[in-house]
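K.L.:
Taken in sequence, the protein lines are chains U and R.
Residues 0 to 422 in numbering that gives the first Met the number 0 are what the first sequence spells out, letter by letter.
Residues 0 to 422 in numbering that gives the first Met the number 0 are what the second sequence spells out, letter by letter.
2 protein chains.
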Amino acid sequence: MMIASWVESANLAEGGFPLNNLPLGVCSAKDGPRRCCVALGDQVILMDVLDSAGLLPDAAKGLFTAGTWNAVIARGDGLWNQVRERLIALFRTEGLPDLREDTRLRAEALVPMADIALHMPFDVVEYTDFYAGRHHASNVGTMFRGPENALPPNWLHMPIGYNGRASSVVVSGRGVRRPWGQLKGKDQDAPIFAPSRRFDFELEMGAIVGPPSDGPVTVAEADDMIFGYVLLNDWSARDIQAWEYVPLGPFQAKATATTISPWIVTKAALEPFRCDAPARELPLLPHLRDVGPANYDIALEVALAPEGGAETTISRSNARELYYSPAQQLAHHTTCGCPMRSGDLLGSGTISGAERDSRGSLLELSWGGETPVELPGGGTRTFLEDGDTLTLRGYAQGDGYRIGFGDCAGQVLPALDDPYKRN
Amino acid sequence: MMIASWVESANLAEGGFPLNNLPLGVCSAKDGPRRCCVALGDQVILMDVLDSAGLLPDAAKGLFTAGTWNAVIARGDGLWNQVRERLIALFRTEGLPDLREDTRLRAEALVPMADIALHMPFDVVEYTDFYAGRHHASNVGTMFRGPENALPPNWLHMPIGYNGRASSVVVSGRGVRRPWGQLKGKDQDAPIFAPSRRFDFELEMGAIVGPPSDGPVTVAEADDMIFGYVLLNDWSARDIQAWEYVPLGPFQAKATATTISPWIVTKAALEPFRCDAPARELPLLPHLRDVGPANYDIALEVALAPEGGAETTISRSNARELYYSPAQQLAHHTTCGCPMRSGDLLGSGTISGAERDSRGSLLELSWGGETPVELPGGGTRTFLEDGDTLTLRGYAQGDGYRIGFGDCAGQVLPALDDPYKRN
């Protein structure tokens, strides 16, 4: 059920930011400092204003001044859920009067989303990218190794993943420069150094680690450790990847940029949308077994707009397709004793569905470039072209309301003429 | 030439910490705060004491109080070399009298190394591990793919590497717990979850990034960006690695721990020991080409001591064996536009020499477990056993002096009985 608010714009059925959601962002007015905020309808709530006015729980006092949510994330669900309950009480129709009836304070604490810029909602400490989507792994494996060997032998036994590059994670809206790299065609003797010709997106979810851990954690403990979720586009240079990835995995192919949505949707907001993982094709080892529904039913879509052109939705998928839940990914991450820290970001891997129009990358949509994607406005795509804006969107559909993430968008900027020429 | 000091212990020919070196560490007295210090002979210089006394350059004022060197590292060679020149002036025989003739200040600023504990000299921001040793890559490749396919096709064209896990980097002296993980024998249908049986070390150097970069940098620029070096042991669970690493590279096999030496040896100290890379077997692409000697002649050795037993030197190698210099590794790291940050750590990959007794891992020394290494005190090793202490040492040999790194040591602690049982 939607929790109705006296902020009218929060009550739109498809708005994405009802009082049930309350996702965490960081905003600034033009040239102003970065401030922790929470989305509600078409407004943002400035958290430091509410804190200074004494309206938030004492346990959270002073945590909203740093211009990043890391201090709150480190405290985990326990603290956030207290703050969330207070926000619901303050903003719900016929809730606490403190803010609703204080015109001056309301004007200070609520700012139209149209008037602010959004920044990274948290500092990414380390970034890991998994490969937990069954259809994506099969599709990519079929293209590269044939249908008989589509899945690597380890795939059904553990959520395989690799460490990505935290320094390359950017917030929605930042342009993404087409990378240079070593490329080698199958019929060429030696690689060349050139701009990528097969630059792609990947439709993923990102999970953010709250409290840290110092040794192996169970799946249930891992689920408790996750603070919230973002949409995540793991930009990928397929030609750089093909040449570099054996035997040490993707490196420069994935380090140009990873874009996340500007809003952290917390576990409390997503709780009604928990669902089971897909059926297990092989039994999992005990330490990775399911301990309850740990996936989420989140509708996902991908839109592509050529420069100056209309947007086309090129894929529709769902986060429930993940074979391994974020909690299983995190539990596997700790098996060797690897310490996890608050602010670590875990990408899920590409979330493709079973159908062609639910594939989560152009590599799969165009089947390695063989079957271009038609854009109704004219033109086709095998991989991304300069000027293309790629946008991920996602929402969980409740009874008369939606939990949204905001757009996760980036425009492909042309490669530098000479990457070693300084401006 | 050794720069003689009035701190007599600094003038020992094989001491490793003459005035020519001045490596950076972080120390504490028992229960005391962490403090930035510099090694000189058998003493450490407490930098905050010299700074408070007004003896260091004004440009460095206040940078030594954080208990980590990151603030100095971020400023790069330029600032450090000013500080270094001042330290040399203060400590050299017949140098500035300010400290030498102030008994009270000397007692405050100099502390015997025996009386302090050493900690991480800097906060590792992100950690990357390369694979830049030619003999190591050939040895491992021969074992896994046969002598004809020993080197991956990309190997002679770029320094391949993978992102490691910064949270797992620890300072010399910390015990390293044998990890659990998924293991699968070639003749088994499914993996088991068990403690690693093939736990290994890797003899590496680590390079620390000083000033950050935001786009591709040349090899010459990369060389300028590197602030200094440490010894690095990339502990590796070979059985976990064998099962997990296709197609995304090493992950949990390498995330239990990476041990670094406690002293950062700066580029200025190593400048006299620059040397050329090995002969190029194929021409490098222009952006990776050598632009002068960027390797270092640093003698390396590995010692193994069983619990309670005598230490045996099991390998002797040299950092000059690296096919790709640290500057080439860093330049490659930025080709796709990957931002590098101050405090990033780049492992070189295992530095094996051409001979059997110069191999930098037990995997190579025992040739995959086939030919155990004899320990003169009795016993053999194929891989590490519980209680073993593994120590890396390294020094550059000057005319009558050595530039040392201090021990890079860790003891293998037995695996937990049940990794999910909480204490």
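For glycine and all other residues, C-beta sits at the position ideal for the given N, C-alpha and C.
Would U/Gly248 pass as an interface residue toward chain R - the criterion being a Cβ-Cβ separation below 8 Å?
P.N.:
yes
K.L.:
Can you name the residues of chain U whose CB is closer than 9 Å to the CB of R/Ser137?
P.N.:
Residues of chain U passing the Cβ test: none, with the nearest at roughly 13 Å.
K.L.:
Can you have a look at U/Gly377 and say buried or exposed, based on whether 16 or more other CB atoms are within 10 angstroms of its CB?
P.N.:
exposed
K.L.:
Could you tell me whether any Cβ in chain U is nearer than 8 Å to the Cβ of R/Ser166?
P.N.:
yes
K.L.:
Taking the beta strand (DSSP E) that R/His331 falls in, what are its first and last residues?
P.N.:
Segment Pro325 to His332 is the alpha helix (DSSP H) holding R/His331; no beta strand (DSSP E) there.
K.L.:
Anything in chain U within Cβ reach of R/Gly94, meaning under 9 Å, just list it in chain order.
P.N.:
In chain order: nothing, as chain U lies at least about 40 Å away.
K.L.:
Against chain R, which members of the segment 279-312 of chain U pass a CB distance test of less than 8 Å?
P.N.:
Leu281, Leu284, Pro285 and His286
K.L.:
With distances taken between CB atoms, is the gap from U/Leu117 to U/Cys26 smaller than 8 Å?
P.N.:
Contact: yes.
K.L.:
Name the residues in the segment 147-167 of chain R whose C-beta lies less than 9 Å from a C-beta of chain U; which are they?
P.N.:
The segment 147-167 of chain R vs chain U, Cβ under 9 Å: Pro151, Pro152, Asn153, His156, Met157, Ile159, Gly160, Tyr161, Asn162, Gly163, Arg164, Ala165, Ser166 and Ser167.
K.L.:
Between the segment 256-268 of chain R and chain B, which residues of the former have a C-beta closer than 9 Å to a C-beta of the latter?
P.N.:
The structure shown has no chain B; the protein chains it does contain are U and R.
K.L.:
Would U/Phe192 and R/His286 qualify as a contact pair, given that the criterion is a beta-carbon distance under 8 Å?
P.N.:
With respect to the 8 Å criterion, U/Phe192 and R/His286 are classified as neighbours on the basis of their beta carbons.
K.L.:
Taking 8 Å as the cut-off, decide whether the C-beta atoms of U/Asn153 and R/Trp366 are in contact.
P.N.:
no
K.L.:
Taking the alpha-carbon of R/Trp179 as reference, which of R/Ile239, R/Tyr130 and R/Val124 has the nearest alpha-carbon?
P.N.:
R/Ile239
K.L.:
Given that U/Ala254 touches chain R, what residues does it touch there, using C-beta distances under 7 Å?
P.N.:
Cys335 and Cys337
K.L.:
Any beta carbon from chain R within less than 8 Å of U/Glu125's own beta carbon?
P.N.:
yes
K.L.:
Mapping the DSSP letters down to three states, classify U/Glu203 as helix, strand or coil.
P.N.:
strand
K.L.:
Looking at C-beta atoms only, is the number of pairs between the segment 216-236 of chain U and the segment 135-152 of chain R that lie closer than 8 Å three or more?
P.N.:
no
K.L.:
Which of the residues in the segment 221-244 of chain U, read from start to end, lie with their CB under 9 Å from any CB of chain R?
P.N.:
Ala236, Ile239, Trp242, Glu243 and Tyr244
K.L.:
State the start and end residues of the unbroken alpha helix (DSSP H) segment that holds R/Pro96.
P.N.:
That run of the alpha helix (DSSP H) goes Pro96 to Arg99.
K.L.:
With a cut-off of 8 Å on the beta carbons, I'd call R/Tyr400 and R/Pro17 a contact; round off their distance for me.
P.N.:
5 Å
K.L.:
Can you list, in chain order, the residues of its chain with a C-beta nearer than 6 Å to that of U/Arg340? Leave out the 5 residues immediately preceding and following it.
P.N.:
Val124 and Pro211
K.L.:
Between the Cα of U/Asp423 and the Cα atoms of U/Gly172, U/Gly205, U/Val229 and U/Arg358, which residue gives the shortest distance?
P.N.:
Outside the modelled stretch of chain U, which goes from 0 to 422, sits residue 423 of chain U, for which no answer is possible.
K.L.:
Leaving out five residues on either side along the sequence, give the residues of the same chain with a beta carbon under 6 Å from the beta carbon of U/Val169.
P.N.:
Ala256 and Thr258
K.L.:
Along chain R, in chain order, which residues have C-beta atoms closer than 7 Å to that of U/Phe198?
P.N.:
Residues of chain R passing the Cβ test: none, with the nearest at roughly 10 Å.
K.L.:
Is R/Phe192 close to chain U? Criterion is C-beta to C-beta, closer than 8 Å.
P.N.:
It does: the Cβ of R/Phe192 has a partner Cβ on chain U nearer than 8 Å.
K.L.:
How would you label U/Thr312, buried or exposed, when you count the other beta carbons within 10 angstroms and need 16 or more for buried?
P.N.:
Looking at its Cβ environment, which holds fewer than 16 other Cβ atoms inside 10 Å, U/Thr312 is exposed.
K.L.:
Along the chain, where does the alpha helix (DSSP H) containing R/Arg103 start, and where does it finish?
P.N.:
Thr102 to Ala108
K.L.:
Of the residues U/Gly209, U/Glu147 and U/Phe198, which one's Cα is nearest the Cα of U/Ile72?
P.N.:
U/Gly209
K.L.:
For R/Tyr400, go through chain U and note every residue whose CB falls closer than 9 Å to its CB, in chain order.
P.N.:
Chain U residues near R/Tyr400: none, gap ~38 Å exceeds 9 Å.
K.L.:
Can you list, in chain order, the residues of its chain whose CB lies under 7 Å from that of U/Leu49, leaving out five sequence neighbours each side?
P.N.:
Leu55 and Ala108
K.L.:
Could you give the DSSP three-state label for U/Met112: helix, strand or coil?
P.N.:
helix
K.L.:
Please classify R/Val143 as buried or exposed, where buried requires at least 16 other C-beta atoms within 10 Å of its C-beta.
P.N.:
In the sequence on display, residue 143 of chain R carries Phe and not Val. Only exposed fits R/Phe143, as fewer than 16 other CB atoms lie within 10 angstroms of its CB.
K.L.:
Is any beta-carbon of chain R found at less than 8 Å from that of U/Ala3?
P.N.:
Among the CB atoms of chain R, none fall inside 8 Å of the CB of U/Ala3.
K.L.:
Tell me which residues of the segment 315-335 of chain U have at least one Cβ-Cβ distance to chain R shorter than 8 Å, keeping chain order.
P.N.:
Near chain R, meaning a CB-to-CB distance below 8 Å, the residues of the segment 315-335 of chain U are His331, His332, Thr334 and Cys335.
K.L.:
Could you tell me whether the segment 213-221 of chain U touches the segment 350-365 of chain U, where touching means 3 or more Cβ pairs closer than 8 Å?
P.N.:
no
K.L.:
Compare the C-beta of R/Pro215 with all C-beta atoms of chain U and state if any pair is closer than 8 Å.
P.N.:
yes
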